[in-house]
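Residues -26 to -1, 1 to 258 in mature numbering (1 follows the signal peptide of the UniProt record, and there is no 0) are what the sequence shown spells out, letter by letter.
Note sheet for the following structure.
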Amino acid sequence: MARQIKKVFGILALAAPLLSPARLHADEVRYAVGLGFEFASGSYGTGIHTDAVFLPFTVAVYPTQRLDFSLELPFIYQSTSAVVAGQYMAMQGQAGAPQPSMLAGTMMGGGMRTSASGSNVDTSQYGLGDTKLKAGYVLYTEEEYVPAIRPNAYLKIPTADKNKFLGTGAFDGGFAVELSKWYGDWFADGELGYTIQGKSDILAVKNYLYYYAGGGYQVGERLRPMLLVKGSTTTTEGGGPLLELRLRTKYQLSTHLGLDGYLAKGIETASPDYGVGLAVSYQF
């Protein structure tokens, strides 16, 4: 535990210059903090059922209306060591939205078991997950016939204990492009990205494409239900693609406080059978 605490403080120290408003020279800097709860259950094509809980704490900085940076520190629990749990469940967001835990980063085992032995594969594990740093920029604002375009990039830092199968033990990186467009009270958005996974000795990982696409309707000033699909190409050697359907709802409790929840149903074998998530965010 002491070693994990040192890791957290080390990451915060390294990220401080990135998240510092003094270095960004902005006229107005906005901040957001968030705390989420996500649960997923399934066998992911491994033949071993795993329940996983993902608790991400997120800090975000918005130095301008176009530019944003975020840092995510998650806590993970998983009922077995058959897959690298927790990393798959991060909730996707919309371009430019100040939401916690929004990166669809490294995904679960994708149908390929970890190197856990038969004697310890059924052992539950918990601890700090991998840290994620993300930056995004709205390259083009929405116009009548043109969607908003927001490229983004992320870095996953291996702060999770790979010996507990809470992470792959390697650095990952990725980049993506988000598109979003309003049609009156209706809206559509999506993202297409590519992840480069570092070599791992507990899981035969491979680089992959990931995506989400969906739309919804703005009900009044506070409520926004939406339906989306989320998936990726196979994330491991010998694994299968991932695909799930999500019903998501965002509710703005006040000017500064928001809720974001979802229900998920896996479609492909390598995806969770089902999942649920709820996040609360506060914007300064």
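Note that beta-carbon positions come from the ideal geometry of N, C-alpha and C, so glycine has one too.
- In the pairwise beta carbon analysis, the stretch 5 to 17 is classified as touching the stretch 25 to 36: at least three pairs are separated by under 8 Å.
- By the C-beta density criterion, I170 is exposed, having fewer than 16 other C-beta atoms within 10 angstroms.
- Annotation note: the stretch 168 to 250 contains the following uninterrupted beta strand (DSSP E) runs of length 3 or greater, listed N- to C-terminal: 182 to 191, 197 to 206, 216 to 226 and 231 to 240.
- Apart from sequence neighbours up to five positions away, the residues of its chain that approach I241 with a beta-carbon distance below 7 Å are L217, E218 and L219, ordered along the chain.
- Residue nearest to Q39 within the set G194, Y114, P246 and S245 is Y114 (criterion: CA-CA distance).
- The straight-line gap separating the alpha-carbon atoms of A109 and V58 is approximately 25 Å.
- With contacts defined by Cβ atoms closer than 7 Å, T209 and Y182 form a contacting pair.
- Taking the Cβ atoms as the reference, Y128 lies roughly 23 Å from K155, outside the contact range of under 8 Å.
- Excluding the 5 residues flanking it on each side, Y256 has same chain C-beta neighbours closer than 6 Å at V7, H230 and L231, in chain order.
- In the three-state DSSP reduction, N137 falls in the helix class (H, G or I).
- The DSSP-derived three-state label of P48 is strand.
- Rounded to whole angstroms, F139 and D234 show a C-alpha spacing of 28 Å.
- Boundaries for S53: no beta strand (DSSP E) harbours it, and the DSSP string shows neither H nor E there.
- Pairing V120 with A56 gives a Cβ-Cβ distance that is not under 7 Å.
- In this structure, the beta-carbon distance from L202 to Y186 falls below 7 Å.
- Take I176, set aside five residues on each side of it, and the residues of its chain with a beta-carbon closer than 7 Å to its own are T88, S89, K136, F139, T142 and G143, in chain order.
- Excluding sequence positions up to five before and after E116, its CB lies within less than 8 Å of the CB of A122, S154, K155 and W156, all in the same chain and listed in chain order.
- Taking the C-beta atoms as reference points, S44 is found no nearer than 7 Å to S98.
- If only complete runs of 3 or more residues are kept, the stretch 96 to 155 shows the beta strand (DSSP E) at 99 to 102, 105 to 111 and 122 to 131, in order along the chain.
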